[in-house]
Structures are given as C-alpha cells and as structure tokens.
Amino acid sequence: MTDFDFQLDNFMLYCSSKNLSRKTLASYEQTLKLLGMYLRETYQIEEVKKVQSGHIRQYIKYLRERGKYTVVNKPESKEKNYPEQRTDYKKDISMTTIANYVRNIKVFFNYLYEVEREISKNPVESIENPKVERKVKKTLTTEEIKKVLGQFDTAAFHGYRNYVITRLLLDTGMRIGECLSLQPENFDFKHKSILIKNPKNGQERYVYFSFKSANEIKSWMRYKDRYSDSPFLFPTTRGTQLEIRNFEHALREAGRKVSISIHPHQLRNNFAKYYILNNGDWFSLCRILGHSSVEVTQKAYLDFTDEEIGRKYQKHSPLAHLEV
C-alpha cells in the first residue's frame with residue numbers, strides 16, 4: 001500500500017465518522033483513487049507530501065482533455081459496464097463534474113493539512129475553483145403535470161401507487177428516497193404533517209401536506225391495505241420496499257408517452273419554486289427541504305424567469321399597497 005492509498009483510507013474513515021452520505025463517500029473515494037492513479041502513472045508520486053499545486057492543475061487540464069469513461073479506478077468495472085459502448089463515451093466531461101472533482105480534492109488535502117498535519121504545505125491553497133455556468137432548473141407547467149399524471153393506470157395497484165407518489169412529492173417537496181421509506185405511522189392527519197427520519201444520522205424533520213393530499217393518502221391507505229400487509233406505504237406488489245430506480249423508470253416512462261422529460265427531483269424543484277412564488281419564505285422552505293442552511297436553499301432555487309418575478313412584483317408592489 002502506497003502512502004497516498006494509506007492516507008486515502010484514513011480520510012475515508014474520518015469522513016465515515018462524520019456521518020456523510022454514502023453518495024458523498026463514494027464520490028470522494030472515486031475522485032481520489034483516480035487522482036492517485038494519475039499521480040503514480042504520470043509523475044511516479046506515491047506520497048502525499050510530494051504533491052504540488054502544479055500537479056493538481058495538470059490533473060484538472062487532463063480531466064478536460066481525456067473525455068468521459070476513458071479511465072476507471074477498478075479495471076473489473078470495464079468488464080461489467082462496457083463504457084466504450086456508451087453513447088457519451090469520450091465526450092467532454094462537464095464543468096460541473098470537474099468542479100466536483102476539484103472540490104473533493106480540496107477537501108482531501110485540506111484534511112491532510114489542517115486535521116492530520118501530514119503535509120507542511122497545502123497544494124490546493126491556490127487552486128481556483130472552475131467556473132460553472134449555472135443551469136436553470138426546469139420546472140413543469142400545470143398542463144405538463146396533468147399530462148404525466150394522466151398516463152398512470154390508476155385501476156392497477158402499481159399505477160395508482162405511482163400516481164399518489166407523484167402527487168405527494170409535488171405537495172411536500174420531500175426526496176423520493178424519503179417518500180418510498182414512509183410508513184403509515186409517519187403521518188399525522190390532525191396537523192397534516194409527515195415525520196421524516198434520517199437513519200444515517202438520526203435527524204428528524206417534518207414536511208407538510210394539503211387537505212387535498214390528506215384525502216388522497218387516506219384513500220390510498222384503504223386501497224393498499226386490501227391488497228398488501230407490507231409495513232411500507234408505497235410497497236411493490238410483492239410487499240417489499242419500492243426501489244428509487246423503479247419509480248424513476250415509471251415516471252420517466254409516463255413522461256415519455258406525452259413527450260415530457262421528467263424525473264423525481266424535478267417534482268421537488270417544482271415544489272420549492274412555487275412555494276416561494278406563492279409567498280412562502282426561505283427559512284421555512286429550508287426546514288421543509290432538510291437543507292443545512294437558508295443559503296443552500298437560496299443557491300439551489302433562485303431560478304425565476306422575468307415573467308415570474310414580474311407577476312410576484314404585481315402582488316407585492318409597495319406603492320400599490322400604500323394609500324398615497
């Protein structure tokens with residue numbers, strides 16, 4: 001085991017102790033293993049203290065030039081996934097992806113410098129963050145939502161289930177993974193709230209639903225109990241927990257039938273945007289979405305068109321509300 005690999009293992013243990021998500025841990029590990037491989041093959045560097053800012057800059061340049069899926073950190077994954085058969089094989093890596101790589105690399109070397117004191121000079125201190133062009137989050141119109149909902153066969157168990165899930169996501173803003181793990185006891189119909197539990201860190205929060213959703217959920221619960229004794233609110237027909245990818249596929253397929261591109265997180269985007277447009281405040285939205293700060297929420301959901309801002313202004317014009 002090289003010094004770089006040893007320090008990476010220690011870093012992953014440190015991150016695990018911080019209760020970071022599996023997705024974040026996987027992103028760190030993949031990024032840093034690829035960096036370690038590049039440093040070893042290109043510069044014969046196997047010790048973290050030998051890494052300089054120039055090596056990091058050259059790696060960023062290399063990322064921009066090499067193309068997608070041309071390098072893997074596990075050779076056996078090529079035999080399973082056949083990356084060269086992908087339609088986007090060797091296509092340019094997006095600036096968003098490169099920015100994520102740079103962020104992960106910075107976290108690692110900041111840890112080595114500030115936490116472990118393994119290096120006397122921080123090679124990422126002067127590394128600039130790549131500029132990423134902000135993409136406006138696409139939201140769905142009322143007509144588009146109606147068209148997609150109309151594609152679910154509500155006479156069938158799976159179709160009715162997917163229909164209710166879609167509407168609940170739109171009404172609450174919860175993540176799809178949170179929704180699919182729900183059980184009936186999470187619901188408080190008196191206060192129209194749902195208790196969301198995070199098994200990873202033990203944190204809890206509430207999301208809220210409308211009177212309309214309350215009636216739909218009650219109807220679904222009665223229907224579901226006739227056909228399944230599963231503890232989950234939205235189970236498969238076999239009674240197991242519905243997997244995220246299976247719902248994603250069903251939603252995308254419903255959208256495809258009416259030529260609308262849609263995925264579960266778009267429903268969360270729709271909720272957040274229209275919550276603010278309908279006079280909700282950023283602080284309560286932050287709490288509902290489960291973000292760590294209001295700044296995180298604002299950064300994610302500041303995508304309003306000029307038309308939307310104009311309509312909101314007409315509702316809240318200072319002069320219009322003054323008797324002058």
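The sequence shown finishes on residue 324 if you use the UniProt record's numbering, and the numbering steps up by one all the way, no holes. The beta carbon of each residue, even a glycine, is placed where N, CA and C say it ideally should be. All values derive from a computational prediction rather than experimental measurement.
Can you list, in chain order, the residues of its chain with a C-beta nearer than 8 Å to that of Met12? Leave out the 5 residues immediately preceding and following it.
The answer, listed in chain order, is Leu25, Tyr28, Glu29.
Which residues bound the beta strand (DSSP E) around Lys197?
Counting along the chain, the unbroken beta strand (DSSP E) around Lys197 starts and ends at 193–197.
Pull up the distance between the alpha-carbon of Tyr82 and that of Leu169, whole angstroms please.
Here Tyr82 scores only 48 on pLDDT, less than 50, and its place in the model is too uncertain to base an answer on.
Return the residue from the list Arg226, Arg311, Ala272 that minimises the CA-CA distance to Lys137.
The residue from Arg226, Arg311, Ala272 with its alpha-carbon nearest to that of Lys137 is Ala272.
With which residues is Tyr206 paired in a DSSP beta bridge?
Leu195, per the DSSP bridge assignment.
Report yes if the CB atom of Asn104 is closer than 8 Å to the CB atom of Val124, and no otherwise.
No; because the gap between Cβ atoms is not below 8 Å, this pair is not in contact.
Please say whether Arg167 and Ser216 have beta carbons closer to each other than 8 Å?
What sits at residue 216 in the sequence shown is Glu, not Ser. The answer is yes: Cβ separation under 8 Å.
Would you check if the segment 203–216 and the segment 177–194 touch, i.e. whether three or more CB-CB distances between them fall below 8 Å?
At 8 Å Cβ cutoff, the stretches touch.
Going straight from the alpha carbon of Lys312 to that of Asp281, what length do you get?
Roughly 13 Å between the two C-alpha positions.
Go to Ile288, then tell me how far its alpha helix (DSSP H) extends in each direction, as first and last residue.
Per DSSP, Ile288 belongs to the alpha helix (DSSP H) from 282–289.
Secondary structure at Asp3, three-state DSSP: helix, strand or coil?
Helix, per DSSP.
Find the nearest neighbour of Tyr59 within the set Lys147, Lys18, Ser21, Tyr101, judged by alpha-carbon distance.
Of Lys147, Lys18, Ser21, Tyr101, the residue nearest in Cα terms is Tyr101.
Taking the runs of the alpha helix (DSSP H) that are 4 residues or longer, which of them lie wholly in the segment 1–55?
Counting whole runs of 4 or more residues, the segment 1–55 contains the alpha helix (DSSP H) stretches 3–17, 22–43.
What are the boundary residues of the alpha helix (DSSP H) that Asn270 is part of?
Looking at the DSSP string, the run of the alpha helix (DSSP H) that includes Asn270 is 264–277.
Output yes or no for whether 8 Å exceeds the beta carbon distance between Gln151 and Lys257.
For Gln151 and Lys257, yes; Cβs fall inside 8 Å.
In this structure, how does DSSP classify Glu235 when only helix, strand and coil are distinguished?
What sits at residue 235 in the sequence shown is Pro, not Glu. In the structure shown, Pro235 falls within a strand segment according to DSSP collapsed to helix, strand and coil.
According to the neighbour-count rule (16 or more other Cβ atoms, all chains shown, within 10 Å of its Cβ), is Tyr163 buried or exposed?
Looking at its Cβ environment, which holds 16 or more other Cβ atoms inside 10 Å, Tyr163 is buried.
Might you give, ordered along the chain, the residues of its own chain that have their beta carbon closer than 8 Å to the beta carbon of Leu32, omitting 5 neighbours on each side?
Closer than 8 Å at Cβ, skipping near neighbours: Leu8, Phe11, Asn104, Ile105, Phe108.
Checking 8 Å against the spacing of the C-beta atoms, do Asn270 and Thr139 come in under that value?
Yes.
Alpha-carbon spacing of Ser213 relative to Phe189, whole angstroms:
Going by the C-alpha atoms only, they are around 10 Å apart.
With a cut-off of 8 Å, does the C-beta of Arg64 fall near any C-beta of chain B?
In summary, chain B is missing from the structure at hand, where a single protein chain is found.
Could you tell me if Arg117 is buried or exposed, where buried requires 16 or more neighbouring beta carbons within 10 angstroms of its beta carbon?
Within 10 angstroms of the beta-carbon of Arg117 lie fewer than 16 other beta-carbons, which makes it exposed.
Opposite residue 396 in the DSSP bridges: which residues?
Look at the range of the chain in this structure, 1 to 324, and you will see that residue 396 is not part of it.
Suppose the cutoff is 8 Å on Cβ atoms and the five residues either side in sequence are ignored; what does the same chain contact list for Ser53 look like?
Answer for Ser53: Pro123, Val124, Glu125, Ser126, Ile127, listed in chain order.
If we count the other Cβ atoms within 10 Å of its Cβ and call it buried at 16 or more, is Glu144 buried or exposed?
Glu144 is classed as buried because its beta carbon has at least 16 other beta carbons within 10 Å across all chains shown.
Can Arg175 and Arg268 be called in contact, C-beta distance under 8 Å?
In terms of Cβ geometry, Arg175 and Arg268 form a close pair [threshold 8 Å].
Given this structure, state the Cα-to-Cα distance separating Arg161 from Phe187, to the nearest angstrom.
About 17 Å.
My output table needs one value for Gln58: the three-state DSSP class, helix, strand or coil.
It is helical.
Where does Gln241 fall in DSSP's three states?
Of the three classes helix, strand and coil, the one that applies to Gln241 here is strand, per DSSP.
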